[in-house]
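*Asks:*
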Amino acid sequence: MNTSPAKAATTLSTVRIGLVSTSDRASAGTYADEGIPALREWLQSAILNPIEFLPRLIPDEQAQIEATLKELVDSARCDLVLTTGGTGPAPRDVTPDATLAVAERVLPGFGEQMRQISLHFVPTAILSRQVGVIRGQALILNLPGRPRAIAETLGGLRDADTGKTLVQGIFAAVPYCLDLIGATYVVTDPQVCEAFRPKQK
């Protein structure tokens, strides 16, 4: 579907996106959170729909993360919830545990592809426990904590000279997933991320 940004702004429905950064230190004000700004910047460049962001900066407490995810999906009616941080094997890394606890269905392919992308850069990506799940009519995805890794995970990797996609980012599959679960129809800018939808027979 080819939609100009100007046309998209007037014809497409608003997509509600929850942005959850889990960090003990950032939530306490020890340092500035970088995850939510990085998510917002990439999503604004990639999505042509009007976007309503619902940001949440919270500590690495599983019960609070679970409550936040439930609030964003069940009460705020987000179509998509992206978390950043807390996906490793350390004792305080509990974001995947909280995500699985509120999940109705798990989509293993998202976690598999996120690790595959990150493994192009760091061998420790294999330690990540990122997951993708469905709750109600919303998709919840665990993203890395570093801004550069967030952009690489969402958009994938392209050859600097040819622009050819070397590794597919996960966001190309997100709009069709949202279609299938009854969420808002999302249109992307193909210059940033070309959404894949199977051709209608």
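Those letters in the sequence shown? Residues 1 to 201, per my numbering, in order. Built from N, CA and C at the ideal position, the CB exists for glycine as well.
Any idea what DSSP makes of residue 94, helix, strand or coil?
*Replies:* If DSSP states are grouped into helix, strand and coil, residue 94 belongs with coil.
*Asks:* Straight-line CA distance for residue 119 to residue 99?
*Replies:* Their backbone Cα atoms lie some 23 Å apart in a straight line.
*Asks:* Do the CB positions of residue 46 and residue 196 come within less than 8 Å of each other?
*Replies:* Not in contact: residue 46 and residue 196 (Cβ atoms no closer than 8 Å).
*Asks:* Going by alpha carbons, who is nearest to residue 198 out of 73, 189, 180?
*Replies:* Checking every option, the nearest Cα to that of residue 198 belongs to 180.
*Asks:* Return helix, strand or coil for residue 110, following the three-state DSSP convention.
*Replies:* Residue 110 falls in the helix class under three-state DSSP.
*Asks:* Let me know the secondary structure DSSP gives residue 115 once reduced to three states.
*Replies:* Three-state DSSP puts residue 115 in a helix.
*Asks:* Going by alpha carbons, who is nearest to residue 101 out of 134, 88, 80?
*Replies:* Residue 101 has its Cα closest to that of 134, out of 134, 88, 80.
*Asks:* Going by C-alpha to C-alpha distance, which of 22, 175, 79 sits closest to residue 67?
*Replies:* Here the closest residue by C-alpha is 22.
*Asks:* Are the CB atoms of residue 48 and residue 143 nearer to each other than 8 Å?
*Replies:* Taking 8 Å as the Cβ cut-off, residue 48 and residue 143 do not qualify as a contacting pair.
*Asks:* Helix, strand or coil for residue 28? Go by DSSP, reduced to three states.
*Replies:* In the structure shown, residue 28 sits in coil (DSSP, three-state: anything other than H, G, I, E or B).
*Asks:* Kindly indicate the opening and closing residues of the alpha helix (DSSP H) around residue 45.
*Replies:* Where residue 45 is concerned, the enclosing alpha helix (DSSP H) stretches over 35 to 46.
*Asks:* Beta carbon of residue 50, beta carbon of residue 11: below 8 Å?
*Replies:* No.
*Asks:* On the three-pair Cβ rule with 8 Å, is the stretch 51 to 65 touching the stretch 33 to 41?
*Replies:* Contact between the stretch 51 to 65 and the stretch 33 to 41 is present, because at least three Cβ pairs lie under 8 Å.
*Asks:* Taking the Cβ atom as the reference point for each residue, do residue 84 and residue 93 lie within a distance shorter than 8 Å?
*Replies:* Taking 8 Å as the Cβ cut-off, residue 84 and residue 93 do not qualify as a contacting pair.
*Asks:* Just to confirm my understanding: we take residue 126, look at its own chain, exclude 5 residues before and 5 after, and list those with CB closer than 8 Å. What are they?
*Replies:* Taken in chain order, the residues that qualify are 115, 119.
*Asks:* Helix, strand or coil, according to DSSP, for residue 162 in the structure here?
*Replies:* Coil.
*Asks:* Is it true that the CB of residue 166 sits closer than 8 Å to the CB of residue 80?
*Replies:* No, the Cβ-Cβ distance between residue 80 and residue 166 is not below 8 Å.
*Asks:* May I have the straight-line CA-CA distance separating residue 89 from residue 186, to the nearest angstrom?
*Replies:* Spanning the two alpha carbons is a distance of roughly 33 Å.
*Asks:* With a cut-off of 8 Å on the beta carbons, I'd call residue 192 and residue 155 a contact; round off their distance for me.
*Replies:* Confirmed, about 7 Å.
*Asks:* Exposed or buried, residue 60, counting other C-beta atoms within 10 Å across all chains shown (16 or more means buried)?
*Replies:* Residue 60 should be labelled buried.
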